[in-house]
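Before any comments, here is the structure.
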Amino acid sequence: MKNLILTAIAVCSLNTIQAQEISYKKWVKEAPRLEDSFFTTPKAKEVAETVLLYQQPTGGWPKNINFFQTPDNKEKALEIKNDVNASTIDNGATTTEIIYLSRLYNATHDETYKEAAIRGLDYLFEAQYENGGWPQFYPRPKGYYVQITYNDNAMINVMNLLRDVSNGKSPFTYLPESTRQKAQKAIDKGVECILKTQVKQHGKLTVWCAQHDRETFAPAKARAYELPSLSGAESANIVIYLMQLPNPSAEVIQSIESAVQWFKDSEIKGIKIESFINKDGKKDRRVAPCEDCKPMWARFYELETNRPFFCDRDGIKRYHLSEIGYERRNGYSWLNRSGENVYKEYAQWQKRIRK
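Residue 40 in this note's numbering sits at position 53 of the sequence shown, and the numbers go up by one each step.
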């Protein structure tokens, strides 16, 4: 009976964790897709109250919070609000909230939302390093959080938002010219950082690591299983961002051509990721042969050899997904098809620069 109770508790705990994960993902996935008409409803203001509640003294927001839900414990919410080291651009935090509040301001003309959005923008400006990069967390003083962070598109999310600000694109039409100019300056510095962090492999430009040292620009380690490497995931949106720049310099063009060539050289053919039920009766994942499947790219490639690899929480590099423990094998995106988007954008980019 005791074992049954413990098992039930464990299952409930796992379900709670999964529900929380789904809950916060609901915000970052659905908030950007809301129709303009939503922002004229009482519900939009109700959500905004929660967004404002969590905005930190820094102007930024913590991550992994579903702002569609009113917090049950406001004291706990205020604790999080005042933990300035929790301010981040990870997992869509801060950028999602700035966009939401800007859209709500456009619908209501309530200065409260405008002021909060501007404070969020000021946080992004302040968090940027002089070298152009953004850390995952700011002002957290130490840890891998301080490195220049491309992981999960953190820095590119910021630069996409600032591009819209600079161009006066909706929902940022209300911002003054001075803010647009400030955004463009931040973008220019960000592009310089991207070019400086592009990794050379035996003298040849390739792509980027998911995070780079904030001082040396070298590929840097993050979590135990995120070793210095070339990223077949984050690099895709970086080079796509570069391809969307107007009037690219010769250096930007070289960066793009080199990165696209790396994607071509690094294709993994003849495989797919498939789900199956393992011997313990659990849903699992494995690499399986598939001659007709489109190419895939690994999350991590070795810096020296360009060989794809995997890594568990023990920090030991391995070359087969089956060698990774169950939790990480099923809880991380190890292989992807991000290169397809690179190829599509590249085809359009070539047409533009030839005009």
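For every residue, glycine included, the Cβ atom is placed at its ideal position computed from N, Cα and C.
Is the beta carbon of residue i sitting closer than 8 Å to the one on residue j?
| i | j | result |
| --- | --- | --- |
| residue 323 | residue 237 | no |
| residue 144 | residue 76 | yes |
| residue 72 | residue 106 | no |
| residue 82 | residue 135 | no |
| residue 295 | residue 285 | yes |
| residue 198 | residue 205 | no |
| residue 69 | residue 44 | yes |
| residue 192 | residue 103 | no |
| residue 116 | residue 46 | no |
| residue 328 | residue 223 | yes |
| residue 29 | residue 89 | no |
| residue 242 | residue 229 | yes |
| residue 152 | residue 167 | yes |
| residue 112 | residue 173 | yes |
| residue 300 | residue 315 | yes |
| residue 139 | residue 51 | no |
| residue 85 | residue 108 | yes |
| residue 258 | residue 225 | no |
Along the chain, where does the beta strand (DSSP E) containing residue i start, and where does it finish?
| i | result |
| --- | --- |
| residue 270 | 270 to 276 |
| residue 262 | 258 to 264 |
Considering Cα atoms alone, identify which of the options is closest to residue i.
| i | options | result |
| --- | --- | --- |
| residue 321 | 329, 311, 330, 328 | 311 |
| residue 273 | 216, 126, 308, 252 | 308 |
| residue 11 | 98, 24, 54, 314 | 54 |
| residue 37 | 177, 129, 14 | 14 |
| residue 148 | 165, 170, 134 | 170 |
| residue 65 | 48, 138, 80 | 48 |
| residue 281 | 326, 266, 268, 316 | 326 |
| residue 189 | 265, 62, 290 | 290 |
| residue 319 | 336, 298, 305 | 298 |
| residue 161 | 92, 45, 249, 40 | 92 |
| residue 98 | 35, 146, 288, 155 | 35 |
| residue 279 | 256, 262, 265, 293 | 256 |
| residue 129 | 316, 339, 341, 201 | 201 |
| residue 293 | 338, 150, 131, 252 | 252 |
| residue 150 | 87, 231, 182, 120 | 231 |
| residue 120 | 203, 341, 214 | 203 |
| residue 317 | 32, 194, 261 | 261 |
| residue 247 | 195, 271, 259, 263 | 195 |
| residue 233 | 342, 250, 56 | 342 |
| residue 240 | 94, 337, 213, 20 | 337 |
Residue i lies in the alpha helix (DSSP H); which residues open and close that run?
| i | result |
| --- | --- |
| residue 174 | 164 to 184 |
| residue 84 | 82 to 95 |
| residue 151 | 141 to 153 |
Can you tell me which of the three DSSP states residue i falls into?
| i | result |
| --- | --- |
| residue 57 | coil |
| residue 208 | coil |
| residue 104 | helix |
| residue 218 | strand |
| residue 233 | coil |
| residue 228 | helix |
| residue 35 | helix |
| residue 27 | helix |
| residue 197 | coil |
| residue 159 | coil |
| residue 21 | coil |
| residue 188 | strand |
| residue 76 | coil |
| residue 48 | strand |
| residue 99 | helix |
| residue 121 | coil |
| residue -3 | Any reading at residue -3 needs caution, since the residue's pLDDT is 34, under 50, leaving its predicted position unreliable; the model's value is listed next. Helix at residue -3. |
Any heavy atom of the ligand FMN within a distance shorter than 7 Å of the CB on residue i?
| i | result |
| --- | --- |
| residue 131 | Inclusion of the ligand FMN in the displayed structure is not the case, the ligand content being empty and no account of it being possible. |
| Within the stretch 289 to 334, ranges of the beta strand (DSSP E) (whole runs, at least 3 residues) | Listed in chain order, the complete beta strand (DSSP E) runs (minimum 3 residues) inside the stretch 289 to 334 are 295 to 298.
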